[in-house]
Amino acid sequence: MIAVLALIVGVVLGVVLNPTVPDALQPYLPIAVVAALDAVFGGVRAKLDGIFDDKQFVISFISNVLVAAFIVYLGDKLGVGAQLSTGVVVVLGVRIFGNVAAIRRRLFKA
Amino acid sequence: MSDETTKPDGPDEPTLAHTPAQPDVPEPAESEPAVSEPAVFEPARTAQAPAAGTAGKGAPAAAQARRLTGAGALIGLLLVLLGFTLVVQLKSNSADKAYASLRQEDLVTILADLDAREDRLQQDIAVLEASRRELVSGAASRDEIIKKAQERADDLGILAGTLPAQGPGVLVRLEDGSKKITANHLLNAVQELRGAGAEAMQIDSPSGSVRVIASTSFVDVDGGIVVDGVRLTGPYTIKAIGEPRDVAIAMRFPGGVVDDVTRDGGNVIVNEPGTVDITTVRSAPTLEYAKPVS
């Protein structure tokens, strides 16, 4: 409940404040968002499974974002930024799909 | 608990292994903050929640409630951040969908493509401009040639008598006096006019008009003069285009046309009407044998 409210607050803040993304963050923000989404879906799944843990969620959220951004940063430095961020997005996408599938199975028993 | 990127497999299994022993107590804690017990709080922090909960039913709930203030706030904060960045990213992506979100190497590739394309287009421009210049100068010189040829054709047409002409000149009227005007008189007059620079001539008479050209012939016949096969009767008017004063003076030379005709009993009137119109034309002869030498 609080999580949903927080998400809505964030969205509203983003709409109201309407900031621009600084250039330095441009390549990392999308990946970070996807990584955070992965963490959120994982958290929802854990919640439904009854094994949700605050600390683990927080840590996984932050580490997800940081690791994703770091991988992209490293890729940029190595000259394979585009490929690596594609790879990260693919991996995160697979994980999100898995989590969503688990959530679906739990909610709809199907 | 599959939410970690780096070590997803490790924690997943252990936590799942722990949970069977533990009922679904931790979750409701989020919505119902209960009594806080600092004593139990510490172990709950250090170990995983389920592990701490094994001690009893009331303790983990309390721990969860306690943790809500810290970790829950953090979770809320993170989710606020997530929503915020999500919207920001969506907006910035839809705002400048073209190039702003591209990375460096992509931009470099695009730039190289554009450079190559620009080179090609510049070459095209150079080629097209060159051909344009060629065409323009070609058209100009073609126009010039056509103009010159037209002028030449006009000159020749006037000389050959195939074109009507107009210009300053004189009218020389030869009238029969006590004696008739003869072919000799006419020929004299024409030659004198030519000598004075007349460029085009025409002889008018009541019975017809003849354009005078290089090959014009004069033959005396009974009651008139045949000029190029046309029978003319007096009075004769010679229209000549040329410098009017020169021509008029040439007519009046001592021993010239005027003298000649008046001595033979005729009468000559020289007029300078300003503009003379020569309207009679001949058809151009078709050359059968002579061919131009190019």
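In order, the protein sequence lines correspond to chains C and Y. Just so we're aligned, residue 4 is where the first sequence starts under the numbering used here, counting upward by one. Just so we're aligned, residue 8 is where the second sequence starts under the numbering used here, counting upward by one. Don't be surprised by glycine CBs; every beta carbon is placed ideally from N, CA and C.
Quick check on the DSSP output: the beta strand (DSSP E) that includes residue i runs from which residue to which?
i: Y:LEU178; result: 172-182
i: Y:SER212; result: 207-212
i: Y:SER224; result: Counting along the chain, Y:SER224 falls outside any beta strand (DSSP E), and DSSP gives it neither H nor E.
i: Y:LEU239; result: 237-239
i: Y:THR244; result: 243-248
i: Y:GLY168; result: Here Y:GLY168 belongs to no beta strand (DSSP E), and DSSP marks it neither H nor E.
Under 7 Å Cβ-Cβ, which residues of chain Y neighbour residue i?
i: C:LYS58; result: ALA78
i: C:THR89; result: Correct list: empty, because the minimum Cβ distance to chain Y is about 11 Å.
i: C:GLY13; result: LEU86, VAL87, LEU88, LEU89, GLY90 and PHE91
Got a sec: is the Cβ-Cβ distance from residue i to anything in chain Y below 9 Å?
i: C:GLY17; result: yes
i: C:PHE64; result: yes
i: C:ALA6; result: yes
i: C:LEU20; result: yes
i: C:VAL97; result: no
i: C:PHE111; result: no
Verify the CB distance criterion: does residue i have a CB-CB separation below 9 Å to chain C?
i: Y:VAL87; result: yes
i: Y:PRO40; result: Confidence is the limiting factor: at Y:PRO40 the pLDDT is only 39, short of 50, which leaves the residue's position unreliable and the question unanswerable from this model.
i: Y:ASP113; result: yes
i: Y:LEU118; result: no
i: Y:ARG129; result: According to the sequence provided, residue 129 of chain Y is Gln. The question's Arg does not apply to it. Chain C, which has no Cβ nearer than 9 Å to the Cβ of Y:GLN129, makes this no.
Run down chain C in chain order and give the residues with a C-beta less than 7 Å from the C-beta of residue i.
i: Y:SER99; result: THR23 and VAL24
i: Y:LEU81; result: VAL61
Listing by chain order, which chain Y residues have their CB less than 8 Å from the CB of residue i?
i: C:GLY84; result: ARG110, GLN111 and GLU112
i: C:ILE34; result: In chain order: nothing, as chain Y lies at least about 10 Å away.
i: C:ALA27; result: By Cβ distance, chain Y contributes nothing, its closest Cβ being about 13 Å from C:ALA27, past 8 Å.
i: C:LEU10; result: LEU86, VAL87, LEU89 and GLY90
Which chain C residues are close to residue i, counting only those with a beta carbon under 8 Å from its beta carbon?
i: Y:GLY145; result: Going along chain C, no residue has its Cβ under 8 Å from Y:GLY145, so there is no contact; the nearest lies around 53 Å.
Of all Cβ atoms in chain A, is any one closer than 9 Å to the Cβ of residue i?
i: C:ALA72; result: As a matter of chain content, chain A is missing from the structure shown, whose protein chains are C and Y.
By the DSSP assignment, the alpha helix (DSSP H) with residue i in it spans what residues?
i: Y:GLY79; result: Careful: Y:GLY79 lies outside any alpha helix (DSSP H) and carries neither H nor E.
i: C:ILE99; result: 84-111
i: Y:GLY231; result: Where Y:GLY231 is concerned, there is no enclosing alpha helix (DSSP H), although the beta strand (DSSP E) it sits in stretches over 231-234.
i: C:SER66; result: 57-81
i: C:VAL50; result: According to the sequence displayed, residue 50 of chain C carries Lys and not Val. 31-52 is the extent of the alpha helix (DSSP H) around C:LYS50.
i: Y:GLU199; result: 190-202
i: C:ALA6; result: 5-20
i: Y:PRO251; result: 251-259
At 9 Å on the CB atoms, spell out the chain Y contacts of residue i, in chain order.
i: C:ALA39; result: LEU85, LEU86, LEU88, LEU89, THR92 and LEU93
Write down the C-beta distance between residue i and residue j rounded to the nearest angstrom, noting that I regard them as a contact closer than 8 Å.
i: Y:VAL179; j: Y:ILE245; result: 4 Å
i: Y:GLY273; j: Y:ASP183; result: 6 Å
i: Y:ALA257; j: Y:GLY263; result: 6 Å
i: Y:ALA207; j: Y:ILE153; result: Their Cβ separation, rounded to whole angstroms, is 24 Å, which puts Y:ALA207 and Y:ILE153 out of contact at 8 Å.
i: Y:VAL217; j: Y:ASP235; result: 5 Å
i: Y:LEU86; j: C:GLY45; result: About 13 Å separates the two Cβ atoms, so there is no contact after all.
i: C:ALA3; j: C:VAL75; result: No information on residue 3 of chain C is available, as it lies outside the stretch 4 to 113 that chain C covers here.
i: C:ARG48; j: C:ALA105; result: 5 Å
i: Y:ASN294; j: Y:GLY241; result: According to the sequence provided, residue 294 of chain Y is Leu. The question's Asn does not apply to it. Not quite, the Cβ-Cβ distance comes to about 35 Å (not below 8 Å), so this is no contact.
i: C:VAL36; j: Y:LEU93; result: 5 Å
i: Y:GLU82; j: C:PHE60; result: Here residue 82 of chain Y is Ile; the residue named in the question, Glu, does not match the sequence. With a Cβ gap of about 6 Å, Y:ILE82 and C:PHE60 count as contacting.
i: Y:LEU302; j: Y:SER214; result: Residue 302 of chain Y lies beyond the residue range present for chain Y, which begins at 8 and ends at 301; the question has no answer from this structure.
i: Y:VAL95; j: C:PRO22; result: 6 Å
Where are the alpha helix (DSSP H) runs, 4 residues long or more, that stay fully inside the stretch 262-292 of chain Y, in chain order?
264-270
At which residue ranges does the stretch 90-129 of chain Y contain complete beta strand (DSSP E) runs of 3 or more residues, listed in the order of the chain?
none
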